[in-house]
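Add 991 to the 1-based position in the sequence shown for the working numbering, that's all there is to it.
Everything below concerns the one structure shown next.
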Amino acid sequence: MNTNLLHNIINMLVWAVPALALFDWSAFFSEATALKIVGILGILKILINAWRDGLRGMVQPQPPVGSQPPPDGNPQ
992 MNTNLLHNII
1002 NMLVWAVPAL
1012 ALFDWSAFFS
1022 EATALKIVGI
1032 LGILKILINA
1042 WRDGLRGMVQ
1052 PQPPVGSQPP
1062 PDGNPQ
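See below:
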């Protein structure tokens, strides 16, 4: 499984867990538990980014979405 797919799955869980708590699906978990789950998922995303990109990759400016490097691989 690549890290982008894992990030997308975590993003959906970060959205779904509070939504379930919002609609009083307390049979699954309480609001406090939902908060803990979302917090852990957020920390997991940060750790995945740190492992994949390193600290330098997390703080450097990101290229625009959809931009492609030139064929020779050198930035212009």
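Here a beta-carbon is modelled for each residue, glycine too, at the ideal position from N, C-alpha and C.
Tell me, to the nearest whole angstrom, how far the beta carbon of residue i is from that of residue j; I am working on the premise that it is less than 8 Å.
i, j, result
"L1032", "L1004", "6 Å"
"L1035", "I1000", "Contact doesn't hold; Cβ gap of about 11 Å is too wide."
"F1020", "A1010", "Their Cβ separation, rounded to whole angstroms, is 12 Å, which puts F1020 and A1010 out of contact at 8 Å."
Can you tell me whether residue i is buried or exposed, with buried defined as 16 or more other CB within 10 angstroms of its CB?
i, result
"A1025", "buried"
"V1056", "exposed"
"V1050", "exposed"
At which residues does the alpha helix (DSSP H) containing residue i begin and terminate?
i, result
"A1018", "It is not in any alpha helix (DSSP H) - A1018 carries neither H nor E in the DSSP assignment."
"G1068", "The structure shown has nothing for residue 1068, since the chain only spans 992 to 1067."
"N1040", "1022-1050"
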